[in-house]
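A quick write-up on the structure given underneath.
Number of protein chains: 4
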Amino acid sequence: MAADFPQSNILIDDVGDRSATVRHKIGIDELRPGGTVSGPVMMAVADCALYVAILGEIGIVPLAVTTNLNISFLRKPAADKDIVAECRLIKCGRSLAVGDVLLYSEGNEEPVAHAVGTYAIPPRNDR
Amino acid sequence: MAADFPQSNILIDDVGDRSATVRHKIGIDELRPGGTVSGPVMMAVADCALYVAILGEIGIVPLAVTTNLNISFLRKPAADKDIVAECRLIKCGRSLAVGDVLLYSEGNEEPVAHAVGTYAIPPRNDR
Amino acid sequence: MAADFPQSNILIDDVGDRSATVRHKIGIDELRPGGTVSGPVMMAVADCALYVAILGEIGIVPLAVTTNLNISFLRKPAADKDIVAECRLIKCGRSLAVGDVLLYSEGNEEPVAHAVGTYAIPPRNDR
Amino acid sequence: MAADFPQSNILIDDVGDRSATVRHKIGIDELRPGGTVSGPVMMAVADCALYVAILGEIGIVPLAVTTNLNISFLRKPAADKDIVAECRLIKCGRSLAVGDVLLYSEGNEEPVAHAVGTYAIPPRNDR
Numbered sequence: 017m018a019a020d021f022p023q024s025n026i027l028i029d030d031v032g033d034r035s036a037t038v039r040h041k042i043g044i045d046e047l048r049p050g051g052t053v054s055g056p057v058m059m060a061v062a063d064c065a066l067y068v069a070i071l072g073e074i075g076i077v078p079l080a081v082t083t084n085l086n087i088s089f090l091r092k093p094a095a096d097k098d099i100v101a102e103c104r105l106i107k108c109g110r111s112l113a114v115g116d117v118l119l120y121s122e123g124n125e126e127p128v129a130h131a132v133g134t135y136a137i138p139p140r141n142d143r
Numbered sequence: 017m018a019a020d021f022p023q024s025n026i027l028i029d030d031v032g033d034r035s036a037t038v039r040h041k042i043g044i045d046e047l048r049p050g051g052t053v054s055g056p057v058m059m060a061v062a063d064c065a066l067y068v069a070i071l072g073e074i075g076i077v078p079l080a081v082t083t084n085l086n087i088s089f090l091r092k093p094a095a096d097k098d099i100v101a102e103c104r105l106i107k108c109g110r111s112l113a114v115g116d117v118l119l120y121s122e123g124n125e126e127p128v129a130h131a132v133g134t135y136a137i138p139p140r141n142d143r
Numbered sequence: 017m018a019a020d021f022p023q024s025n026i027l028i029d030d031v032g033d034r035s036a037t038v039r040h041k042i043g044i045d046e047l048r049p050g051g052t053v054s055g056p057v058m059m060a061v062a063d064c065a066l067y068v069a070i071l072g073e074i075g076i077v078p079l080a081v082t083t084n085l086n087i088s089f090l091r092k093p094a095a096d097k098d099i100v101a102e103c104r105l106i107k108c109g110r111s112l113a114v115g116d117v118l119l120y121s122e123g124n125e126e127p128v129a130h131a132v133g134t135y136a137i138p139p140r141n142d143r
Numbered sequence: 017m018a019a020d021f022p023q024s025n026i027l028i029d030d031v032g033d034r035s036a037t038v039r040h041k042i043g044i045d046e047l048r049p050g051g052t053v054s055g056p057v058m059m060a061v062a063d064c065a066l067y068v069a070i071l072g073e074i075g076i077v078p079l080a081v082t083t084n085l086n087i088s089f090l091r092k093p094a095a096d097k098d099i100v101a102e103c104r105l106i107k108c109g110r111s112l113a114v115g116d117v118l119l120y121s122e123g124n125e126e127p128v129a130h131a132v133g134t135y136a137i138p139p140r141n142d143r
């Protein structure tokens, strides 16, 4: 994580079985005025959860890149809770992986955002 | 911009006529290993271009929030060029605004990413 | 269903608890050459699953309309199986509802498509 | 069109220069109660506009398939006007093509819907 997402302060809680859970500490740097976690921070966490889930399936393939991310913001996140992202892969093929991510303010049952993302996985001989 | 996107280093080039152009300086903080601009940086720039275009139409309404952003990554951005985002609004209604954003590495003709976003505009009596 | 989706041959298997399952019989009218279920048929089934899940929560509100649908096609559907769509709502607010849909060729474990959709729910005094 | 979209009544107005315009006659079969063109009909027209624009670039490659379609519904379409879809490709690579589609009720200046779609193009030796 430190190598591939150097700007983010993201920790991996869990990975395996076509899924992953990651978290992002929320501090003053992640907030917008009004005490909301900024949208781009949530996009970064969703993207990272996908990346971790995919690498958990296919191994460390640093050239996997996001081709599409669709995120819906559902509720205002808490300003003082970590953002926790739970990803489950719905396809992990040879060239494309697709996953679904729910983002929560830690401890709340209702998600603050939902994302779907597609990663392109490079052919084996390009790695 | 400094107030609403405090974490971003984004400048407004142009705004008006249902459109906006913004740019983000790219430095070491915005790069991933391999010399690519990170996806979340591009998402932030796209989101910001939408926000500026919408406020250009409806005035300063700080409670406008993104409800959905869909971004497709098309080409590898240059590591040493600004990211320039051009937004045109395709709807700017009373409660929802929708816009389309093309992102470029400055000086290149082919876009590096394309985004579509929806903002919810608060009712006048909630502002 | 007959009133609101008159062109579709869709049946409701289940509805309740913020979710719904619907199915579409697949016959010659739903196939593309090559024996694949056509994309627009799958979009219609996903849209309908969302609609049924939302009306199951809020009651019969005929003016609810789709504002956004994002669908990813994952695998080739079987030509001779019903398409079954399972929707779970991830938000059902006063003015917007968001749901997630997995589509299957009946009897297969891996989904053929995944959709996320947003519906706008009209204010009570407009109904 | 008759071969690949046998269920649709779609005509090609124009194709070339990384773009295409197609139209769908609207009759009683395409309407929902209330006199609105049904969402799935608009999705089908958007998908078809993408397909025509891509084949206009790469030639007749029947195995090109949609991998993702994101559609935003913006305004109520007219019940008695053709739906006209204008697609411009924003990427047409070896394995993926991405395009942007605006849909109009013929004669109206404001679009009724906007879509972005991705097609996977099969490798040359698989065709």
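Residue numbers (the numbering used here), protein chains in the order written: chain A, 17 to 143; chain B, 17 to 143; chain C, 17 to 143; chain D, 17 to 143.
Glycine included, C-beta positions come from ideal geometry on N, C-alpha and C.
Bear in mind the structure is a predicted one, so any value in this text is a computation, not a measurement.
Straight through space, the alpha carbons of GLY123 (chain B) and HIS130 (chain A) are spaced by roughly 34 Å. Of all residues in the stretch 81-95 of chain C, those with a C-beta nearer than 8 Å to a C-beta of chain B are THR83, ASN84, ASN86, reading in chain order. LEU119 (chain C) has its alpha-carbon roughly 10 Å from the corresponding atom of ASP98 (chain C).
For the pair VAL81 (chain C) and ALA36 (chain C), the CB atoms are not nearer than the 9 Å cut-off. In the structure shown, the three-state DSSP call for ILE137 (chain C) is coil.
By the criterion of at least three beta-carbon pairs nearer than 8 Å, the stretch 53-69 of chain A is in contact with the stretch 55-73 of chain B.
DSSP places ASP45 (chain C) within a helical segment (H, G or I) once states are collapsed to three.
Here the alpha carbons of GLY32 (chain A) and TYR135 (chain C) stand approximately 34 Å from one another. Taking 9 Å as the cut-off, the Cβ atoms of ARG91 (chain A) and LYS107 (chain C) count as close. Taking the CA atoms as reference points, GLU125 (chain A) sits about 25 Å from LEU79 (chain B). Bounds of the beta strand (DSSP E) holding GLU102 (chain A) are 99-108. A direct Cα-to-Cα measurement between LEU71 (chain B) and ASP116 (chain B) gives close to 15 Å. Residue environment: ILE44 (chain B) is assigned as exposed (fewer than 16 neighbouring CB atoms within 10 Å of its CB, all protein chains considered). Between the beta-carbon of GLY133 (chain D) and that of LEU85 (chain D) there is about 4 Å, and that keeps the pair under the 8 Å contact cut. Of all residues in the stretch 28-40 of chain A, none is placed with a Cβ closer than 9 Å to any Cβ belonging to chain D. By DSSP's assignment, GLY32 (chain A) forms a beta bridge with A:SER35.
Against VAL132 (chain C), the close residues of chain A are ASN86, SER88, HIS130, VAL132, in the order they occur along the chain (beta-carbon pairs closer than 7 Å). Exposure of PRO139 (chain B) is indicated by the presence of fewer than 16 other C-beta atoms within 10 angstroms of its C-beta. In its chain, beyond the 5 residues on either side, ILE106, LYS107, THR134 have a beta carbon closer than 6 Å to the beta carbon of VAL114 (chain A). Listed along chain A is no residue with a C-beta nearer than 8 Å to that of PRO138 (chain B); the closest approach is about 12 Å. Within the stretch 96-107 of chain B, contact with chain D at the beta-carbon level (separation under 9 Å) is assigned to ILE106, LYS107. Taking a beta-carbon distance threshold of 9 Å, ASP116 (chain C) does not count as an interface residue toward chain D.
Residue contact with chain A for ALA65 (chain B): absent (no Cβ-Cβ distance below 9 Å to any residue of chain A). Among the residues facing chain A, LEU112 (chain D) is included, as its CB has a counterpart in that chain under 9 Å away. Going by C-alpha positions, ILE76 (chain A) is about 30 Å away from PHE89 (chain A).
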